[in-house]
Amino acid sequence: MMTPTELNALPSPQFWRRVSCALYEQLVLLGVIALTFLLPNLGLGILFNIALPSWLSFLYLYLVLGVYFVWYWTKSGQTLAMQTWRIRMVDLNGFNVTRRQAIWRYALGSLWIVPCVLLQWALELHQWQIIEMLFAVALFLWPVTIYLDRVNPLSRQSFPDRFSKTRLVELPKNRVTLV
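Start counting the sequence shown at 1; every next residue gets the next number (full-length UniProt numbering).
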């Protein structure tokens with residue numbers, strides 16, 4: 001097990017590693033969404049002919065994904081995709097993040113949803129079009145925010161990392177998971 005000092009000395013993940021991790025995370029999240037979102041909604045629709053309002057479905061999905069990320073980040077600092085790509089989230093001192101930091105990071109990291117929702121409203125996009133747009137924005141625009149870090153460009157920390165006082169580190173090959 002690595003000490004917080006050793007973790008703090010590790011480099012930040014490179015851009016390509018972040019994008020690969022984000023893509024893999026989306027594949028993992030499809031399973032999470034299928035179990036926690038699609039099955040209950042399909043069940044309500046098939047059994048009772050009830051459809052949840054879109055705002056309630058969106059809020060439920062946002063909360064489910066929030067629980068997923070916050071739980072993994074506070075438990076081990078790594079989601080399943082982060083374990084695969086040897087990325088770990090730590091606080092600025094190299095310790096595990098607190099629940100408060102994880103919630104802040106999730107909230108700040110999901111701000112990219114706002115332009116997507118505004119575009120959906122302005123362009124009157126249908127359900128599947130907005131989902132495609134959300135995935136595209138999440139995959140390509142979110143990792144670009146590491147280049148907006150003007151405080152310390154070499155640290156390659158994103159906007160959510162900077163403001164939640166967390167950082168991502170790239171683990172050495174012999175240290176994939178740290179529980």
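Even for Gly, the Cβ is constructed at its ideal location relative to N, Cα and C.
Per DSSP, the continuous beta strand (DSSP E) segment holding Met89 begins and ends at Ile87 to Asp91. Using a 10 angstroms sphere on the CB of Thr3, the tally of other CB atoms stays under 16, which defines it as exposed. Judged by pairs of C-beta atoms under 8 Å, the region 83–94 touches the region 13–24, as three or more such pairs exist. For Arg100, there is no enclosing beta strand (DSSP E); the enclosing alpha helix (DSSP H) covers residues Arg99 to Gly109. For Glu170, the uninterrupted beta strand (DSSP E) run begins and ends at Thr166 to Glu170, by DSSP. One thing to note: Val97 has its Cβ no nearer than 9 Å to the Cβ of Trp71.
Taking a cut-off of 8 Å for Cβ pairs, the region 39–54 and the region 6–16 do not touch, as fewer than three such pairs fall below it. Non-local beta-carbon contacts of Ser164 in its own chain, meaning distances under 7 Å to residues more than five positions away in sequence, involve Gln101, Trp104, Arg105 and Leu108 in chain order. Assigned with DSSP and collapsed to three states, Gly94 falls in coil, not helix or strand.
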